[in-house]
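So the sequence shown is numbered by our numbering: it starts at 130 and just counts up by one. Heads up, the beta-carbon is just placed ideally off N, CA and C, and yes, glycines get one too. These figures come from a predicted structure and were not determined experimentally. Below is one structure, written out as structure tokens; comments come after it.
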Amino acid sequence: PLYGGWPHDNANGDTYGPVNYYVYVPFRAIFGWSGTWDQLPAAHAAAIFFDLLTLLGLFLLGRRIRGPTLGIVLAYAWAAYPFSLYALSSNTNDSLVAALLVLALLLVSSAPARGIAGALAALTKFAPFALAPLLLRGAAGWPRRRSLIAFLLTYGLTIVAAMLPLLLNHNLQAFWRDSVSYQAGRVTPFSIWGLWGGLSVAQHLVQGAAAALAVAVAFVPAKRGLVEVAALGAAVLIALQLGVNYWLYPYIVWFFPLVIVALFASHPEREAPLAEARERLDLSVVEPRQIQVA
130 PLYGGWPHDN ANGDTYGPVN YYVYVPFRAI FGWSGTWDQL PAAHAAAIFF
180 DLLTLLGLFL LGRRIRGPTL GIVLAYAWAA YPFSLYALSS NTNDSLVAAL
230 LVLALLLVSS APARGIAGAL AALTKFAPFA LAPLLLRGAA GWPRRRSLIA
280 FLLTYGLTIV AAMLPLLLNH NLQAFWRDSV SYQAGRVTPF SIWGLWGGLS
330 VAQHLVQGAA AALAVAVAFV PAKRGLVEVA ALGAAVLIAL QLGVNYWLYP
380 YIVWFFPLVI VALFASHPER EAPLAEARER LDLSVVEPRQ IQVA
């Protein structure tokens, strides 16, 4: 079973959504597992795949927004970022969340497709559930009723399909206990709430504000494009992470791809290319004796 049957030396390994474990199956089949804590080649291969998939997705996303130059910039920003390297070196599954969110941006023009990608991300690690209202809205204007129904239908069916093995094997109670309930009770000193404690009122206010933001981005701003959707998604994920008890550095890569899309893609293109600037200067007609060296 996916939940409730993990070995004692990794008793809390079943804390993630079911999609996370499905994705590891082909790597386990290809690279195998000795049954002990060895070099874990399947985990290494999966982490490398998640990293490269995110990098490729960012390149394609940048190319769609403004051509291959922006694609190269976004891919390089991901590869050069210390915390994406941290997640890769730690062989974590956090880059899988990043890859699926980049996929949702690539598919943002299609309501059914972004519904599938959003649901897969949410059932990998649960934070992307907060992006459901944003993805429901999508880019451009308010979607038509057909698009809303298509998103809700594919989002819901994807969740049901991913949860089906749990339901058929009566594993839902173990899933709730070992995943949702366990995650809700975890604490680390890397969160201000976990470090200091006794700040429950302030924490609830932050959590309430994050929930309000997640809903509000479905309605405002009225006009939006792909870049604005990325910025809003990053804001929601950051706000969500600000209010949790359990936080670790690899979680930064959940929102980092959205941040760099918003930052780099919102910067205006150069108004005057270098060739045009040279033509305006018209240095070719300047006689050498007219050039004075300061």
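A distance of 8 Å or more separates the beta carbons of tryptophan 383 and valine 231. Boundaries for tryptophan 376: no alpha helix (DSSP H) harbours it, and the DSSP string shows neither H nor E there.
Under the three-state reduction of DSSP, serine 219 is assigned to coil, being neither helix nor strand.
In the same chain as alanine 256, and ignoring 5 residues on each side of it, the C-beta atoms closer than 7 Å to its own belong to Leu366, Leu369 and Trp383, in chain order. With respect to the C-alpha of glycine 337, the residue from Val316, Asp307 and Val373 having the closest C-alpha is Val373.
Rounded to the nearest angstrom, the gap between the Cα atoms of alanine 360 and alanine 351 is 14 Å. By the CB criterion at 8 Å, tyrosine 378 and phenylalanine 160 fall outside the cutoff. Residue environment: alanine 204 is assigned as buried (16 or more neighbouring CB atoms within 10 Å of its CB, all protein chains considered). By alpha-carbon distance to leucine 184, the top candidate from Leu342, Ser308, Arg266 and Leu229 is Leu229.
In this structure threonine 253 is buried. Its beta-carbon is surrounded by 16 or more other beta-carbon atoms within 10 angstroms. Assignment of serine 310 by DSSP, reduced to helix, strand and coil, places it in the helix class. Burial check for serine 224: the Cβ neighbour count within 10 Å reaches 16 or more, so the residue is buried. Looking at the backbone, the Cα of valine 344 and that of proline 136 are separated by about 39 Å.
Look at the beta carbons and you see the stretch 254-274 not touching the stretch 288-303: under three pairs across the two are nearer than 8 Å. By the neighbour-count criterion, in which 16 or more other beta carbons inside 10 Å mark a residue as buried, isoleucine 194 falls on the buried side.
Alanine 140 sits in coil when the DSSP states are folded into three classes, being neither helix nor strand. Relative to the Cα of isoleucine 201, the nearest Cα in the group Gly326, Asn139, Ala209 and Phe188 belongs to Phe188.
DSSP places asparagine 149 within a helical segment (H, G or I) once states are collapsed to three. Relative to the Cα of leucine 277, the nearest Cα in the group Ala261, Ala158, Ala233 and Leu214 belongs to Ala261.
Approximately 7 Å separates the beta-carbon atoms of leucine 371 and alanine 339; this is inside 8 Å, confirming the contact. Considering only Leu217, Ala240, Leu249 and Ala140, the residue with the shortest C-alpha distance to glycine 146 is Leu249.
The residue among Ile381, Ala391 and His396 with its C-alpha nearest the C-alpha of tyrosine 210 is Ile381. When the beta-carbon positions are compared, threonine 198 and isoleucine 245 stay at least 8 Å from each other. Residue ranges of uninterrupted alpha helix (DSSP H) with 4 or more members, entirely inside the stretch 240-297 and ordered along the chain, are 240-251, 261-266 and 274-297.
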